[in-house]
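Inspection log for the structure reproduced underneath, given as structure tokens.
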Amino acid sequence: MANTEDTNKFERQRQQKLSRIKELGIDPYGGRYDGVEPAKDIKHRFKDGDDTQQAKCAGRIVLLRDIGKLIFITLRDWSGTIQIGLSKSQMGEQWTLAKLLELGDIIGAAGRLGKTKTGEITVWADNVTLLSKSLLPPPEKFHGLSDIDRRFRQRYVDLWANPEVMELFKKRSAIISTIREVLKDSGFMEVETPMMQTIPGGAAAKPFITHHNSLNMDLFLRIAPELFLKRLLVGGMEKVFEINRNFRNEGLSKQHNPEFTMLELYQAYADYFGMMDLTEQIISVLVEKYCEGDHVKFNDETIDFTRPWRRAEYAELLKEYSGCDIDDIASVRAKARELGLGEADTDDAVVINKLFEAVVEDNLVNPTFVIDYPAALCPLTKRKKDNPKYAERFELFIGRMELANAYTELNDPDVQEDNFKTQLRGQEESLATMDADFITALKYGMPPAGGLGIGIDRLVMILAGALSIREVILFPTLRKKTSKE
RNA sequence: GGGAGUGUAGCUCAGCUGGUAGAGCAACGGCCUUUUAAGCCGUAGGUCUUGGGUUCGAGUCCCAACACUCUCACCA
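Structure below.
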């Protein structure tokens, strides 16, 4: 791998160039460089035929064509690329430096803006500044860096060697900004609640444990912000949201990273139908803004975002895809057994849900709100008034992935306390660990409310066409490198 | 944790049924003032992930370890 003795021979060669540059009295690591214009803007403002135009830019050398007394450089900055032309006759003393430049170096260049014979907009530099000498060889110029492990470990190389990666993360950032705008325009306030909690609650997941020295106590990295955001409802914040990390100590997959970004929001006096409308609205805005049309390609399929999105009852979908009636628990168990889902010593609700996950979820390509979950699976959710077997909850599926989860929040402290005490068999982690202070908060009175969680990483995957969650997280969780370096 | 696959030059990859390692790019030395993955001539670069084994002989076959990928399990 990298950084072995073999690599060092390349590094040594570059070190020698570094020495020669220093001997010329040039600082190889530059400094402040003012007045730089993005490459994209330079190209955009270029007017053909006007040879009085000047330009100044800075970036990394990604291609270099040395034709003797003339050097063409493709410079990449944050906005794109632009060609720099260096000619011996125009550069004078700086020609020595020009000949020492190589792939990967970061330079600044200023001079006349013009075109070459072949029509390429070019900055004919009369001044070149070395801003940072690169000491390691860059990846292959055409294929870029494709070793997937190295791409994630050395994202700093991936980002400039593979421009589409940079574009993806710009898009991610823009998506999150848009979400914030939409919510703020709707009167929501952004808040931050503890990432380190003494009781990990709000979801069924194994937490990471850490320790605080001077308090001498264990803390848990949060698996969800839910119980704190609801405390804010009690406090009188009527529309709150948080976009931040959750941590779950579970397996990794194309859809699971141990730390992932969630939007959670709570709206007083709303319910899960209100959350459905809001979800559809937010995501539709994003599709409109960041996708071409409302039919989005994802994983060789087309997702149809045309509104309104399908709303289907949990029981109805279970019937549709498994043939089982949710109330006929014997047939549900039989089917689960048939599929090898392990239903012994497991509560009915858990078996039903295992079957649902095995049979239904993988079919939901177009946006689908699955509504009215079995109440036993939803300890933090208000039950349906007309049918208390079910809870006022939905999950949104897109592209066979669970993207959002929402419900009418339970605000009855007595029911909540009972739910906390109920432990379902077959479910390793309790859905809701007893949090006495949360019950106390509810006893002061929490307004009826709708709550919504949207998995931001998965949403970005859909909108950007990324098939793995690690493609949309800058530094995904990886195994520690033990061998070599 | 189970299963499948992959690991060869700095990078991207070839290497058939076992006979002692190749290309392109990058590098190094030349030539070249309008190139576009520039071109041409030349040079150098490898404990074929690691450790065992089979064999006269292993990049190639077998076993094990390590890493990565996919997949199943796990997973609001």
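Residues 3 to 487 in the working numbering are what the first sequence lists, from first letter to last. C-beta: ideal position from N, C-alpha, C; glycine also. Nothing here was measured: the structure is a model prediction, and the numbers come from that model.
Open item on the list: In this structure, how does DSSP classify Arg460 when only helix, strand and coil are distinguished?
Closed with: If DSSP states are grouped into helix, strand and coil, Arg460 belongs with the helices.
Task: Within the region 236 to 271, ranges of the beta strand (DSSP E) (whole runs, at least 3 residues) - done: Counting only runs that start and end inside the region 236 to 271, the beta strand (DSSP E) elements of at least 3 residues fall at 241 to 249 and 261 to 270.
Task: Opening and closing residue of the alpha helix (DSSP H) in which Pro165 lies - done: First-last of the alpha helix (DSSP H) with Pro165: Pro165 to Asp187.
Open item on the list: Classify Arg224: buried if its beta carbon has 16 or more other beta carbons within 10 angstroms, exposed otherwise.
Closed with: It counts as buried.
Open item on the list: Is the separation between the beta-carbon of Gly401 and that of Asn301 shorter than 8 Å?
Closed with: It is a contact, given that the beta carbons lie within the stated cut-off.
Task: 6 Å CB neighbourhood of Asp374 in its chain, flanking five on each side removed - done: By the criterion of a C-beta distance shorter than 6 Å, Asp374 is surrounded in its chain by Glu315, Tyr316 and Tyr392, once the five residues flanking it on both sides are discounted.
Task: Close beta carbons around Ile331, own chain, < 8 Å, minus the five adjacent residues each side - done: Answer for Ile331: Asp350, Val353 and Ile354, listed in chain order.
Open item on the list: Could you give the first and the last residue of the continuous beta strand (DSSP E) run that contains Glu411?
Closed with: Taken as a continuous stretch (DSSP letters only), Glu411 belongs to no beta strand (DSSP E), as it is neither H nor E.
Task: Residues of its chain near Lys386, where Cβ-Cβ distance is below 6 Å and the 5 sequence neighbours each way are ignored - done: By the criterion of a C-beta distance shorter than 6 Å, Lys386 is surrounded in its chain by Tyr392 and Glu394, once the five residues flanking it on both sides are discounted.
TODO: To the nearest angstrom, report how far apart Val130 and Gln17 are at their CA atoms.
DONE: Roughly 20 Å between the two C-alpha positions.
Open item on the list: Can you find the residues in the same chain that come closer than 8 Å, C-beta to C-beta, to Gln283, ignoring five residues on each side of it along the sequence?
Closed with: Here the set comprises Val184.
TODO: Taking Gln156 as part of the alpha helix (DSSP H), name the residues at either end of that continuous run.
DONE: Premise fails: Gln156 is in no alpha helix (DSSP H) and is neither H nor E.
- [ ] Would you list the residues sitting across from Cys59 in a DSSP beta bridge?
- [x] Per the DSSP secondary-structure output, Cys59 pairs in a beta bridge with Ala111.
Task: Inside the region 263 to 321 only - beta strand (DSSP E) runs reaching at least 3 residues - done: DSSP assignment within the region 263 to 321 yields the following whole beta strand (DSSP E) runs of 3 residues or more, N-terminal first: 297 to 300, 303 to 306 and 312 to 315.
Task: Close beta carbons around Ser485, own chain, < 6 Å, minus the five adjacent residues each side - done: In this prediction, Ser485 has a pLDDT of 38, which is less than 50 and means its spatial position is unreliable; nothing more can be read from the coordinates.
TODO: Go ahead and label Ala468 buried or exposed: buried means 16 or more other beta carbons lie within 10 angstroms of its beta carbon, across all protein chains shown.
DONE: So Ala468 counts as buried.
Open item on the list: Given this structure, state the Cα-to-Cα distance separating Ile471 from Glu244, to the nearest angstrom.
Closed with: Distance between Ile471 and Glu244, taken at the CA atoms: about 20 Å.
Open item on the list: Using CA atoms only, rank isn't needed, just tell me which of Gly110, Ile63, Asn10 and Lys90 is closest to Val38.
Closed with: Ranking Gly110, Ile63, Asn10 and Lys90 by Cα distance to Val38 puts Gly110 first.
TODO: Spatial neighbours of Phe440 within its chain, please: CB distance less than 8 Å, with the 5 preceding and 5 following residues excluded, ordered by chain position.
DONE: Excluding the 5 residues flanking it on each side, Phe440 has same chain C-beta neighbours closer than 8 Å at Gly203, Leu229, Lys232, Arg233 and Gln418, in chain order.
Task: Completely contained beta strand (DSSP E) runs for the region 38 to 109, where each covers 3 or more residues - done: For the region 38 to 109, the full-length beta strand (DSSP E) segments reaching 3 residues or more read 56 to 68, 72 to 79 and 82 to 89 along the chain.
- [ ] Please work out which residues of its chain come closer than 6 Å, Cβ to Cβ, to Asp128, disregarding the five sequence neighbours upstream and downstream, and give them in chain order.
- [x] If we look at Asp128 and ignore the five residues flanking it on each side, its Cβ neighbours are Gln92 and Gly113.
- [ ] Can you have a look at Thr348 and say buried or exposed, based on whether 16 or more other CB atoms are within 10 angstroms of its CB?
- [x] Under this definition Thr348 is a buried residue.
TODO: Pick helix, strand or coil for Asp330, following the three-state DSSP scheme.
DONE: Under the three-state reduction of DSSP, Asp330 is assigned to coil, being neither helix nor strand.
Open item on the list: Quick check on this structure: which residue in Val367, Ser324 and Val361 has the alpha carbon closest to the alpha carbon of Thr308?
Closed with: With respect to the C-alpha of Thr308, the residue from Val367, Ser324 and Val361 having the closest C-alpha is Val367.
Open item on the list: Would the region 450 to 460 count as touching the region 261 to 268 if we require 3 or more Cβ pairs under 8 Å?
Closed with: The region 450 to 460 makes contact with the region 261 to 268; the number of CB pairs closer than 8 Å reaches 3 or more.
Open item on the list: Can you give me the C-alpha to C-alpha distance between Gln55 and Ile84, rounded to a whole angstrom?
Closed with: The straight-line gap separating the alpha-carbon atoms of Gln55 and Ile84 is approximately 15 Å.
Open item on the list: Let's see if you can read the secondary structure: which residues bound the beta strand (DSSP E) around Ala127?
Closed with: Its beta strand (DSSP E) spans residues Ile123 to Ser134.
Open item on the list: For Pro140, tell me which candidate among Pro30, Asp107 and Ala466 has the shortest Cα-Cα distance.
Closed with: Pro140 has its Cα closest to that of Asp107, out of Pro30, Asp107 and Ala466.
- [ ] Can you say whether Pro478 is buried or exposed, counting buried as having 16 or more other CB atoms within 10 angstroms of its CB?
- [x] That one is buried.
TODO: Compute the Euclidean distance between the alpha carbons of Gln15 and Arg481, then round it to the nearest angstrom.
DONE: The C-alpha of Arg481 is placed about 32 Å away from the C-alpha of Gln15.
Task: Residues of its chain near Ala4, where Cβ-Cβ distance is below 6 Å and the 5 sequence neighbours each way are ignored - done: Because the pLDDT at Ala4 is just 36, under 50, the model does not fix this residue reliably, and the value given afterwards should be weighed accordingly. Beyond the five residues adjoining it in sequence on each side, Ala4 comes within less than 6 Å, by CB distance, of no other residue in the same chain.
Task: Collapsed DSSP secondary structure at Ile150 in the structure displayed - done: Secondary structure of Ile150 (DSSP, three-state): helix.
TODO: Quick one: grab the DSSP three-state call for Lys384.
DONE: The answer is coil: DSSP assigns Lys384 none of H, G, I, E or B.
TODO: Compare the beta carbon distance of Leu461 and Leu405 with 8 Å and say whether it is the shorter of the two.
DONE: In contact: Leu461 and Leu405 (Cβ atoms closer than 8 Å).
TODO: Could you have a look at Pro227 and say whether DSSP puts it in helix, strand or coil?
DONE: Reduced to three states, the DSSP call for Pro227 is coil.
- [ ] Report back the beta-carbon spacing between Leu66 and Leu115 to the nearest angstrom; my notes put them in contact at under 8 Å.
- [x] Going by Cβ atoms, the distance from Leu66 to Leu115 rounds to 20 Å, so no, they are not a contact pair.
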